[in-house]
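>
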Amino acid sequence: MQKYFNTAGPIDVADHYHIDPIHRLDWEEVRHLIDSKKYFVLHAPRQTGKTSTLLAMAKALNKEGVYKALYVNVEAAQALRGDVDAATRLICEAIAASAGLYDIEPDLRAMTIRLLAEQGFSGALTQQLTQWAQMSDKPIVLMLDEVDALVGDTLISVLRQIRAGYAQRPTAFPQSIILCGVRDVRDYRMHSADKEIITGGSAFNIKAESLRMGSFTAAEVRALYDQHTVETGQPFADDIFPELWEDTKGQPWLVNALGYEMVWKDKSARDRSIPITLKRYLAARERLIRSRQTHLDQLTDKLREPRINQVVEAILGGEDNIANIRDDDLQYVEDLGLITTRPSIAISNRIYQEIIPREVTWAWQATIPNQETVWYIKPDGRI
Ligand SMILES: Nc1ncnc2c1ncn2[C@@H]1O[C@H](COP(=O)(O)OP(=O)(O)OP(=O)(O)O)[C@@H](O)[C@H]1O
Ligand SMILES: [Mg+2]
């Protein structure tokens with residue numbers, strides 16, 4: 010089958026145009042952290058490629074054969090919220106199921122069932138990982154994806170259960186654990202059942218490093234689109250690329266979604282002898298913005314959170330307001346991918362700039378002078 014621009018879920022290198030997922034991070038650094046028995050965090054905004062990269066890393070490590078690397082998505086435990094026992098059980102089961110699915114440790118399932126039956130759920134994760142490391146003939150590298158889907162006491166408990174076994178690694182606990190999510194653990198603020206606020210930094214003080222995965226570079230965007238041209242012979246006009254860059258700043262999902270919109274959703278372009286012109290690009294861009302796909306909806310949904318809304322509102326309001334934003338609020342909104350802080354503080358890319366202002370609830374709307382909005386309204390009146 011011909012390859013295509015993937016806009017739904019992780020990359021499959023056999024089916025999708027892609028940038029080598031392993032090299033989205035400093036792979037040498039990752040290897041070093043793993044080899045030196047470190048526990049660390051990998052975080053990036055939504056739809057940046059976290060899962061694609063974790064899966065590729067697990068595959069590469071398993072192929073190499075020094076470690077047993079296991080990818081596990083713990084998102085299902087989100088629905089159980091603060092029910093620690095039920096969530097712990099679900100996470101243990103997810104680990105065992107993944108170990109079977111990827112054929113990493115098929116016996117883990119039976120061992121986990123026995124463990125949960127014999128000794129209940131409290132501390133079960135520590136027990137499971139301890140026993141697994143003891144029975145495994147190789148050190149374990151565990152990748153837990155969507156960790157920040159866990160909340161409150163469940164998250165506190167998971168972090169503490171990992172911390173509890175840390176000193177016994179690698180013989181009786183995983184050599185390395187990678188926690189993956191949108192935010193850094195440092196920023197988790199967990200409200201325990203007795204209303205105490207616990208920060209991720211204190212519950213997980215064994216963290217060695219936080220790696221943040223960035224968007225594509227301009228060269229990577231070009232390389233991705235070139236794959237389509239090589240595969241099909243259909244060229245993209247050169248003048249598309251500066252626009253594509255300003256519109257996306259390399260945000261991986263946006264880059265793929267625009268490609269998909271241009272060469273597939275627009276049925277007239279499925280005839281590969283038709284070159285993709287700037288005019289076609291601009292039309293695809295408008296359709297994408299109007300289509301309100303999940304990625305864009307997730308983005309605007311976040312603006313309902315007062316902390317985020319305030320930051321974005323201040324940025325849209327101009328420099329005087331930016332000076333009043335607290336650093337950790339800025340950092341939080343940057344980690345979510347809505348803004349960048351370098352070279353200057355701004356909404357991340359031109360497509361977000363077009364969508365976000367419409368969704369912000371202006372607490373002080375009546376007070377902004379008109380000219381303050383000029384920067385995001387084009388001379389022709391479009392936003
Ligand atoms: N290596 C890559 N090459 C090309 N496109 C990629 C790559 N990695 C990610 N993408 C794009 O990003 C999208 C999301 O990928 P992935 O699910 O791996 O990201 P994620 O950060 O785990 O997302 P989420 O926050 O939803 O869990 C893909 O559908 C694809 O459009
Ligand atoms: Mg993911």
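Straight run, no breaks: the sequence shown in the working numbering ends on number 392. C-beta: ideal position from N, C-alpha, C; glycine also. Keep in mind the model is a prediction, meaning the values are calculated, not measured.
Looking at C-alpha atoms only, which residue of A96, S61, L34 and W36 is the closest neighbour of D24?
For the purposes of this step, residue 24 is identified with residue 15 of the sequence shown, where counting begins at 1. The shortest C-alpha separation from D24 is found at S61.
> Taking the beta strand (DSSP E) that Y48 falls in, what are its first and last residues?
As a first step, residue 48 must be located in the sequence shown, where it is residue number 39. Looking at the DSSP string, the run of the beta strand (DSSP E) that includes Y48 is Y48 to H52.
> Could you pull out every residue in the same chain whose Cβ sits closer than 7 angstroms to the Cβ of T349, ignoring the five residues on either side in sequence?
On the sequence shown, residue 349 is found 340 positions in, with the first residue counted as 1. Here the set comprises E343, A355 and S357.
> Within 10 Å of its beta-carbon, does A217 have 16 or more other beta-carbons around it, so buried, or fewer, so exposed?
By one-based count along the sequence shown, residue 217 stands at place 208. It is exposed - the Cβ of A217 has fewer than 16 other Cβ atoms within 10 Å.
> Quick check on DSSP: helix, strand or coil for G242?
Here the question's residue 242 lines up with position 233 in the sequence shown. Residue state, collapsed to three classes: coil.
> How should P148 be labelled, buried or exposed, when 16 other C-beta atoms within 10 angstroms of its C-beta is the threshold for buried?
What you label residue 148 is simply residue 139 of the sequence shown in a count that begins at 1. P148 comes out buried.
> What did DSSP end up calling Q380 once you bin it into helix, strand or coil?
Taking the first residue of the sequence shown as 1, we reach residue 380 at position 371. Bear in mind that a pLDDT of 45 at Q380, under 50, signals an unreliable position, so the model cannot answer this.
> Just how far apart, CA to CA, sit D337 and R221?
Counting from one through the sequence shown, the residue named residue 337 turns up at place 328. Counting from one through the sequence shown, the residue named residue 221 turns up at place 212. Answer to the nearest angstrom: the Cα atoms are 16 angstroms apart.
> Measure the CB-CB distance between I186 and L159 and report whether it falls below 8 angstroms.
As a first step, residue 186 must be located in the sequence shown, where it is residue number 177. As a first step, residue 159 must be located in the sequence shown, where it is residue number 150. Not in contact: I186 and L159 (Cβ atoms no closer than 8 angstroms).
> Quick check: the segment 77-92 against the segment 163-176, are there 3 or more CB pairs under 8 angstroms?
yes
> Taking one C-beta from the segment 20-39 and one from the segment 64-74 each time, how about it: are there three or more such pairs within less than 8 angstroms?
Below 8 angstroms, enough C-beta pairs join the segment 20-39 and the segment 64-74 to call them touching: three or more.
> When the Cα atoms are used, what is the spatial distance from G58 to R299?
Mapped onto the sequence shown, residue 58 falls at position 49. Mapped onto the sequence shown, residue 299 falls at position 290. Distance between the alpha carbons of G58 and R299 is about 24 angstroms.
> Tell me, please, which residues DSSP counts as bridged to T8.
Residue 8 falls outside the range modelled here, since the chain spans only 10 to 392, and no answer is possible.
> Buried or exposed: G190, going by 16 or more other Cβ atoms within 10 Å of its Cβ?
Sequence index remark: in the sequence shown, residue 190 carries index 181 (1-based). By the neighbour-count rule (16 or more Cβ atoms within 10 Å), G190 is buried.
> Are the Cβ atoms of I324 and I331 separated by less than 8 angstroms?
For the purposes of this step, residue 324 is taken as residue 315 along the sequence shown, with counting starting at 1. For the purposes of this step, residue 331 is taken as residue 322 along the sequence shown, with counting starting at 1. Yes, they are a contact pair.
> Given a threshold of 16 other Cβ atoms within 10 Å of its Cβ, counted over all protein chains shown, does A131 qualify as buried or as exposed?
Along the sequence shown, read from residue 1 onward, the residue named residue 131 stands at position 122. Looking at the sequence itself, residue 131 is Ser, so the reference to Ala does not match. Answer is exposed; the Cβ neighbour count stays below 16.
> Would S219 pass as a contact of V39 if the rule is Cβ separation under 8 angstroms?
Start at 1 with the first residue of the sequence shown, and residue 219 comes out as number 210. Start at 1 with the first residue of the sequence shown, and residue 39 comes out as number 30. No, the pair does not count as a contact, with Cβ atoms beyond the cut-off.
> Measuring CB to CB, does V83 end up less than 8 angstroms from D193?
The residue you call residue 83 lines up with position 74 of the sequence shown. The residue you call residue 193 lines up with position 184 of the sequence shown. No, they are not a contact pair.
> Go to N15, then tell me how far its alpha helix (DSSP H) extends in each direction, as first and last residue.
As a position in the sequence shown, residue 15 is number 6, starting the count at 1. Taken as a continuous stretch (DSSP letters only), N15 belongs to no alpha helix (DSSP H), as it is neither H nor E.
> Using a strict less-than 7 angstroms threshold between each residue's beta carbon and the heavy atoms of ligand 2, what residues do you get?
P19, K59, T60, D154 and E155
> Hey, out of A292, R178, A293 and Y48, whose CA is closest to N214's CA?
What you label residue 214 is simply residue 205 of the sequence shown in a count that begins at 1. Of the candidates A292, R178, A293 and Y48, the one whose C-alpha sits nearest the C-alpha of N214 is Y48.
> One question on the structure: do T286 and A228 come within less than 8 angstroms of each other, judged by their Cβ atoms?
Reading the sequence shown from its first residue, position 277 is the one you call residue 286. Reading the sequence shown from its first residue, position 219 is the one you call residue 228. In this structure, A228 does not lie closer than 8 angstroms to T286 by Cβ.
> Indicate whether L124 and Q143 have their beta-carbon atoms separated by less than 8 angstroms.
Taking the first residue of the sequence shown as 1, we reach residue 124 at position 115. Taking the first residue of the sequence shown as 1, we reach residue 143 at position 134. No, the pair does not count as a contact, with Cβ atoms beyond the cut-off.
> Have a look at L339 and A53 and give me their C-alpha separation to the nearest angstrom.
The residue given as residue 339 occupies position 330 in the sequence shown. The residue given as residue 53 occupies position 44 in the sequence shown. Using only the alpha carbons, I get a separation of about 15 angstroms.
> By Cβ distance, which residues of its chain are closer than 8 angstroms to L79, with the 5 residues on each side in sequence left out?
Start at 1 with the first residue of the sequence shown, and residue 79 comes out as number 70. Correct list, in chain order: A67, I104, S107, A108, Y111, I113, E114, I149, V150, L151 and M152.
> Who are the Cβ neighbours of T135 in its own chain at under 7 angstroms, not counting the five residues just before and after it?
As a first step, residue 135 is located in the sequence shown; it is residue number 126 there, counting from the start. These residues qualify, in order along the chain: Q170, A173 and G174.
> What number of angstroms, rounded off, separates the C-alpha of I100 from the C-alpha of A86?
As a first step, residue 100 must be located in the sequence shown, where it is residue number 91. As a first step, residue 86 must be located in the sequence shown, where it is residue number 77. If you take the alpha carbons of I100 and A86, they lie about 7 angstroms apart.
> Tell whether a beta-carbon distance below 8 angstroms holds between R359 and D256.
Within the sequence shown, numbered from 1, the residue matching residue 359 stands at position 350. Within the sequence shown, numbered from 1, the residue matching residue 256 stands at position 247. A contact, by the Cβ cut-off of 8 angstroms.
> Specify the secondary structure class of L117 as computed by DSSP and reduced to three states.
Taking the sequence shown and counting its residues from 1, one reaches residue 117 at position 108. Judged by DSSP in its simplified three-state form, L117 adopts helix.
> To the nearest whole angstrom, what separates the beta carbons of Q243 and I43, a pair I think is in contact under 8 angstroms?
Position 234 of the sequence shown, counted from the start, is the residue given in the question as residue 243. Position 34 of the sequence shown, counted from the start, is the residue given in the question as residue 43. Rounded, the Cβ-Cβ distance is 41 angstroms, inconsistent with contact.
> Which same chain residues end up closer than 7 angstroms to M271 when comparing Cβ atoms and leaving out the 5 residues on each side of it in sequence?
The count along the sequence shown starts at 1 and reaches residue 271 at position 262. Taken in chain order, the residues that qualify are A278, I285, R289, Y290 and A293.
> For E396 and G327, what's the separation of their Cα atoms in angstroms?
Any answer about residue 396 is impossible in this case: the structure gives the chain only from 10 up to 392.
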